[in-house]
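What follows is one structure encoded as structure tokens, with my remarks underneath.
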Amino acid sequence: MLSSLDNNALSQLFFEAHTHNAWQPEKISEETLRTLYDLVKMGPTSANCCPARFIFVRTEAGREKLLPCVSSGNTDKTATAPCTVIVAYDKRFYDRLPTLFPHTDARSWFTGSEAFAEQTALRNSSLQAGYLILAARALGLDTGPMSGFDPKAIDEAFLAGTDWTVNMLINLGYGDASGVKPRLPRLDFDEACQLV
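The sequence shown maps to residues 84 to 279 in the numbering used here.
See the structure below:
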């Protein structure tokens, strides 16, 4: 049986962690990004479908392509983030299922319904984005997830010629605490949950 994490770990992952909008200039190494992905890939997805694809935008050239695609309210924080992760999903994720879920013909579950495949890819890549946020926090990084962007522009700038499409953006780096706003309220258990 697993034991609970201690309060320090829970604070780092949840209670003291905040969305960041300002960043220290420290870069994130490729080794750290690889370690981050090695944690993210271990999180469960339905039928082990693993539809998320991650584009780590960390060069000036990449940032110049990205900035025109984000909303005006996200421009400054994206311009100064050491890395912005484009969390995309592969619309043909099911082509990998013979390897990822080999004990049955799971690919056939999705080839007959584009809508079902899209729903599965969106849901599970969103789940994987959540894993990325928690894995980043576990590695001492801060995050700033965003949905304010032009998806068509990002798909054209970064994903043209692939079966990938953008889901969300996550700024990644070492946060500058001066940009952290006070924590906003959360719903209480009785407001958000039911015991049946």
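Using N, Cα and C, we set each Cβ at its ideal position, and we do this for glycine too.
Between the alpha carbons of residue i and residue j, how many angstroms are there, rounded?
i	j	result
alanine 100	glutamate 113	23 angstroms
lysine 110	methionine 125	25 angstroms
leucine 242	alanine 218	25 angstroms
aspartate 178	glutamine 211	18 angstroms
aspartate 225	leucine 85	27 angstroms
What does a CB cutoff of less than 6 angstroms around residue i pick up in its chain, not counting 5 residues either side in sequence?
i	result
proline 134	Tyr172, Asp173, Phe176, Ala204, Asn207, Ser208
glutamine 107	Tyr257, Asp259
serine 94	none
In the structure shown, what three-state DSSP assignment does residue i receive?
i	result
cysteine 132	coil
threonine 248	strand
asparagine 91	helix
cysteine 276	coil
isoleucine 216	helix
threonine 226	strand
glutamate 99	coil
serine 126	Contrary to the premise, residue 126 reads as glycine rather than serine in this sequence. In the structure shown, glycine 126 sits in coil (DSSP, three-state: anything other than H, G, I, E or B).
serine 208	helix
phenylalanine 184	coil
leucine 119	helix
serine 191	helix
isoleucine 111	coil
lysine 148	helix
When we look at the beta-carbon of residue i and count the other beta-carbons within 10 Å, is it buried (16 or more) or exposed?
i	result
alanine 260	exposed
glycine 227	buried
cysteine 117	For the record, residue 117 in the displayed sequence is arginine; it is not cysteine. Classification of arginine 117: exposed, given that the 10 Å Cβ count is below 16.
alanine 164	buried
arginine 269	exposed
leucine 215	buried
histidine 103	buried
threonine 245	exposed
threonine 182	exposed
phenylalanine 193	buried
arginine 136	buried
alanine 198	exposed
Given 8 angstroms as the limit, tell me if residue i has its C-beta closer than that to any heavy atom belonging to the ligand GTP.
i	result
leucine 180	Annotation note on the ligand GTP: not contained in the displayed structure, which lists no ligands.
Provide the residue(s) that pair with residue i in DSSP beta bridges, ordered along the chain.
i	result
phenylalanine 232	Val153
glycine 258	Trp106
threonine 167	Val140, Asn254
aspartate 173	Trp247
Excluding the 5 residues flanking residue i on each side, which residues of the same chain have their C-beta closer than 7 angstroms to its C-beta?
i	result
arginine 146	Val140, Ala162
threonine 115	Leu222
serine 54	Past the edges of the chain, shown from 84 to 279, lies residue 54, and the structure says nothing about it.
serine 129	Thr203, Asn207
glycine 156	Gly231
Who are the Cβ neighbours of residue i in its own chain at under 8 angstroms, not counting the five residues just before and after it?
i	result
valine 249	Ile169, Val170, Ala171, Phe232, Pro234, Ile237, Asp238, Phe241, Leu242
serine 230	Met251, Leu252
leucine 96	Leu88, Leu217, Arg220, Ala221
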